[in-house]
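2 protein chains.
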Amino acid sequence: MFQKVLIAEDFPSVNYSVQRTLEELGIAHNIKNHVYYCDHALARIQKALNENEPYELLITDLSFDDDATPQEIKDGATLIKAVKALQPDLKVLVFSIENRFAVAQKLFNELRLDGYVPKGRSDARDLQLAIETIYENKKHLSGNLKKVPSDDIVYDFTTRDIAIITQILAGATQKEIAEYLEKNNITPSGLSSIEKRLKAIKDDLNFNNNQQLIAYCKDYNII
Amino acid sequence: MFQKVLIAEDFPSVNYSVQRTLEELGIAHNIKNHVYYCDHALARIQKALNENEPYELLITDLSFDDDATPQEIKDGATLIKAVKALQPDLKVLVFSIENRFAVAQKLFNELRLDGYVPKGRSDARDLQLAIETIYENKKHLSGNLKKVPSDDIVYDFTTRDIAIITQILAGATQKEIAEYLEKNNITPSGLSSIEKRLKAIKDDLNFNNNQQLIAYCKDYNII
DNA sequence: TCTCCATTTACGGTTTCCCGTAAATATCTG
DNA sequence: CAGATATTTACGGGAAACCGTAAATGGAGA
Numbered sequence: 001m002f003q004k005v006l007i008a009e010d011f012p013s014v015n016y017s018v019q020r021t022l023e024e025l026g027i028a029h030n031i032k033n034h035v036y037y038c039d040h041a042l043a044r045i046q047k048a049l050n051e052n053e054p055y056e057l058l059i060t061d062l063s064f065d066d067d068a069t070p071q072e073i074k075d076g077a078t079l080i081k082a083v084k085a086l087q088p089d090l091k092v093l094v095f096s097i098e099n100r101f102a103v104a105q106k107l108f109n110e111l112r113l114d115g116y117v118p119k120g121r122s123d124a125r126d127l128q129l130a131i132e133t134i135y136e137n138k139k140h141l142s143g144n145l146k147k148v149p150s151d152d153i154v155y156d157f158t159t160r161d162i163a164i165i166t167q168i169l170a171g172a173t174q175k176e177i178a179e180y181l182e183k184n185n186i187t188p189s190g191l192s193s194i195e196k197r198l199k200a201i202k203d204d205l206n207f208n209n210n211q212q213l214i215a216y217c218k219d220y221n222i223i
Numbered sequence: 001m002f003q004k005v006l007i008a009e010d011f012p013s014v015n016y017s018v019q020r021t022l023e024e025l026g027i028a029h030n031i032k033n034h035v036y037y038c039d040h041a042l043a044r045i046q047k048a049l050n051e052n053e054p055y056e057l058l059i060t061d062l063s064f065d066d067d068a069t070p071q072e073i074k075d076g077a078t079l080i081k082a083v084k085a086l087q088p089d090l091k092v093l094v095f096s097i098e099n100r101f102a103v104a105q106k107l108f109n110e111l112r113l114d115g116y117v118p119k120g121r122s123d124a125r126d127l128q129l130a131i132e133t134i135y136e137n138k139k140h141l142s143g144n145l146k147k148v149p150s151d152d153i154v155y156d157f158t159t160r161d162i163a164i165i166t167q168i169l170a171g172a173t174q175k176e177i178a179e180y181l182e183k184n185n186i187t188p189s190g191l192s193s194i195e196k197r198l199k200a201i202k203d204d205l206n207f208n209n210n211q212q213l214i215a216y217c218k219d220y221n222i223i
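Residue numbers (the numbering used here), protein chains in the order written: chain A, 1 to 223; chain B, 1 to 223.
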């Protein structure tokens with residue numbers, strides 16, 4: 001079994017139980033292996049590398065609450081990217097409240113993830129199984145992930161789309177949004193282009209009005 | 001310190017660490033005192049009462065994931081209401097991911113809650129402090145709750161408002177919503193009344209358009 | 001440079017929404 | 001029951017959004 005495992009998780013209430021799961025797998029407990037910030041996680045991995053005692057596995061959350069301590073890296077995905085650049089062979093297991101299949105799948109594809117376990121009703125067992133699977137050099141995508149059909153096609157909004165939607169939520173009219181885009185050199189900026197883009201998105205997602213689009217964006221944490 | 005404490009929490013990853021916190025406070029560990037469903041919690045409290053060994057404290061989550069096991073009681077607030085009816089002197093501490101001050105305050109007022117701790121960066125310590133405070137017969141409202149100014153005035157939508165907004169999100173036009181209200185005997189149902197109501201809400205909340213209203217509802221879990 | 005193609009903008013008609021006012025209906029009060 | 005008040009609806013003008021088409025613009029390649 002793994003000997004050196006790092007946990008990056010901002011909530012002590014979760015961090016503790018991951019520790020417990022590791023102990024049940026016979027992985028020795030060490031206070032230094034539990035960090036509450038992404039920056040600390042990266043620093044510890046770097047340090048371990050320097051000391052020629054690299055970590056074998058990183059278990060990380062995806063979202064980290066902001067607090068008084070300003071951080072360079074503010075979320076798990078960015079952390080994983082940085083970590084993989086530093087130590088490509090390090091196994092990475094995500095343990096997150098996010099339980100949409102598509103989100104996990106995206107991380108597997110983009111970040112060469114080794115495992116994904118959503119927090120949930122059987123997360124302790126799930127986590128244990130994932131660690132064992134990864135130890136055997138296999139990937140582990142938890143079966144407890146929500147595989148909603150519509151979820152597999154997460155609409156990909158461009159940064160311009162996001163800008164438009166953000167302006168809508170700021171209370172701007174479409175004419176004002178056109179002026180805003182022009183001012184910020186976001187092209188195309190014409191009023192007509194905005195109308196067309198919104199229509200195209202709504203057509204794709206089978207929506208009748210913009211309110212539905214806003215709800216969709218909120219549901220999928222796009223804004 | 002308390003001797004008999006019941007934990008109602010659906011995620012093992014959180015349940016474990018609450019157990020640990022209790023142990024650190026010298027409260028004896030017993031597998032029967034950790035339940036994963038609201039119905040089980042109520043049953044255990046009833047049983048303890050019958051055996052003349054009542055619980056002293058209930059630590060409960062607010063939201064419980066649905067799964068294959070159908071439940072009578074599906075959320076913490078309902079559980080607390082039922083529990084207080086059964087054993088009015090039982091202390092209740094809520095431990096939830098929800099960290100809005102207004103939500104906690106509402107529970108204090110309506111359910112005679114004894115403590116509220118949001119999951120977060122210092123939740124373990126926070127939880128410990130809360131239990132100690134409650135043991136001294138005092139109320140504990142965690143200082144880590146988000147006290148957003150706008151949060152204190154959560155706009156109170158009527159069931160008719162919710163119906164209108166739901167119809168908007170179903171893609172209905174205002175004319176169609178009027179027909180819908182009429183069909184469902186929700187008064188007033190006139191098109192004009194819908195226009196006026198939406199305008200009134202937007203005026204109150206300083207919004208320019210309905211999209212902002214939808215975003216607001218999503219942010220505050222109104223729909 | 002010219003042509004072709006794709007993208008963007010301009011324009012006009014239509015629908016929906018917005019918003020004030022007036023009429024109609026309901027509710028309350030003596 | 002009459003009169004006063006409040007609520008709801010009807011109506012109409014105007015603004016914003018919607019939507020198709022045509023004109024303009026901008027590159028890429030010959």
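Cβ coordinates follow ideal geometry from the N, Cα and C atoms, glycine included.
Original post:
Three or more C-beta pairs closer than 8 Å, one from the segment 197-213 of chain B and one from the segment 210-223 of chain A: is that the case here?
Top reply: yes
Original post:
What residues of chain B sit near A/G171, judged by a beta carbon separation below 8 Å?
Top reply: Here residue 171 of chain A corresponds to residue number 171 of the first sequence, with the count starting at 1. Those are F207, N208, N209 and Q212, listed as they occur along chain B.
**OP:** Mind checking the segment 192-206 of chain B against chain A and listing, in chain order, the residues whose C-beta falls within less than 7 Å of any C-beta there?
**Re:** none
Original post:
Residues of chain B with a CB under 8 Å from the CB of A/A238: which are they?
Top reply: With chain A represented from 1 up to 223, any question about residue 238 of chain A goes unanswered, as that position is not in the structure.
Original post:
Roughly how many angstroms separate the alpha carbons of B/P12 and A/E98, rounded to a whole number?
Top reply: Counting from one through the second sequence, the residue named residue 12 of chain B turns up at place 12. Counting from one through the first sequence, the residue named residue 98 of chain A turns up at place 98. If I take the Cα positions, the gap works out to 16 Å.
**OP:** Starting from the C-beta of A/H29, find all residues in its chain whose C-beta is less than 8 Å away, skip the five residues before and the five after it, and write them out in chain order.
**Re:** Residue numbering aside, residue 29 of chain A sits at position 29 when the first sequence is read from its first letter. The answer, listed in chain order, is Q19, L22 and E23.
Original post:
Does DSSP put A/V35 in a helix, a strand or coil?
Top reply: Reading the first sequence from its first residue, position 35 is the one you call residue 35 of chain A. Correct three-state label for A/V35: strand.
Subject >> Of the residues B/A102, B/S63 and B/A68, the one placed nearest B/G95, counting alpha carbons only >> reply: Sequence index remark: in the second sequence, residue 95 of chain B carries index 95 (1-based). What sits at residue 95 of chain B in the sequence shown is Phe, not Gly. The residue with the shortest Cα to Cα distance from B/F95 is B/S63.
Original post:
According to a CB-to-CB cut-off of less than 8 Å, which residues of the segment 103-122 of chain B neighbour chain A?
Top reply: K119, G120, R121 and S122
Original post:
If you draw a straight line from the alpha carbon of A/A85 to that of A/Y135, how long is it in whole angstroms?
Top reply: In the first sequence, the residue the question calls residue 85 of chain A occupies position 85. In the first sequence, the residue the question calls residue 135 of chain A occupies position 135. If I take the Cα positions, the gap works out to 21 Å.
**OP:** Check B/L86 in the structure and name its three-state DSSP category.
**Re:** Within the second sequence, residue 86 of chain B is the residue found at index 86, counting from 1. Looking at B/L86 - three-state DSSP - the assignment turns out to be helix.
Original post:
Would you say B/A130 faces chain A, with C-beta separation under 8 Å as the test?
Top reply: Indexing the second sequence from 1 puts residue 130 of chain B at position 130. Taking Cβ atoms only, chain A never reaches closer than 8 Å to B/A130, which makes this a no.
Subject >> Cβ neighbour criterion (16 or more within 10 Å) applied to A/D10 >> reply: Numbered from its first residue, the first sequence carries residue 10 of chain A at position 10. When all chains shown are included, A/D10 counts as buried.
Original post:
Do A/D161 and A/R197 have their C-beta atoms closer together than 8 Å?
Top reply: Position 161 of the first sequence, counted from the first residue, corresponds to residue 161 of chain A. Position 197 of the first sequence, counted from the first residue, corresponds to residue 197 of chain A. Contact flag set, yes.
Original post:
Under 8 Å Cβ-Cβ, which residues of chain A neighbour B/D67?
Top reply: Numbered from its first residue, the second sequence carries residue 67 of chain B at position 67. The answer, in chain order, is R121.
Original post:
Within 8 Å (strictly less), CB to CB, does A/R100 reach chain B?
Top reply: Working through the first sequence from its first residue, we reach residue 100 of chain A at position 100. Chain B, which has no Cβ nearer than 8 Å to the Cβ of A/R100, makes this no.
Subject >> Whole-angstrom distance between A/Q174 and A/T158, CA atom to CA atom >> reply: Start at 1 with the first residue of the first sequence, and residue 158 of chain A comes out as number 158. Start at 1 with the first residue of the first sequence, and residue 174 of chain A comes out as number 174. Straight-line Cα distance between these residues: approximately 18 Å.
Original post:
Who are the near neighbours of A/D65 in its chain, counting only those whose CB is closer than 7 Å to its CB and skipping five residues on each side?
Top reply: Within the first sequence, numbered from 1, the residue matching residue 65 of chain A stands at position 65. Within the same chain, A/D65 has close Cβ partners D10.
**OP:** Buried or exposed for B/P118, please, with buried defined as at least 16 other CB atoms from any protein chain shown within 10 angstroms of its CB.
**Re:** Stepping through the second sequence from its first residue, residue 118 of chain B is reached at position 118. B/P118 should be labelled buried.
Original post:
With which residues is B/Y135 paired in a DSSP beta bridge?
Top reply: Here the question's residue 135 of chain B lines up with position 135 in the second sequence. Partner(s): none; B/Y135 has no beta bridge.
**OP:** Can you say whether B/K199 is buried or exposed, counting buried as having 16 or more other CB atoms within 10 angstroms of its CB?
**Re:** Translated into the one-based positions of the second sequence, residue 199 of chain B becomes position 199. Classification for B/K199: exposed.
Subject >> Opposing strand residues paired with A/G115 [DSSP bridges] >> reply: Counted from its first residue, the first sequence places residue 115 of chain A at position 115. A/G115 pairs with A/L93 and A/H140.
**OP:** Answer yes or no: do B/L25 and B/I131 have a C-beta to C-beta separation smaller than 8 Å?
**Re:** Along the second sequence, one-based indexing puts residue 25 of chain B at 25. Along the second sequence, one-based indexing puts residue 131 of chain B at 131. Yes.
Original post:
Helix, strand or coil: how does DSSP classify B/D123 here?
Top reply: Residue numbering aside, residue 123 of chain B sits at position 123 when the second sequence is read from its first letter. B/D123 falls in the helix class under three-state DSSP.
Subject >> Contact with chain B by A/K138, beta-carbon distance below 8 Å >> reply: Taking the first sequence and counting its residues from 1, one reaches residue 138 of chain A at position 138. Answer no: the Cβ-Cβ gap between A/K138 and chain B never drops below 8 Å.
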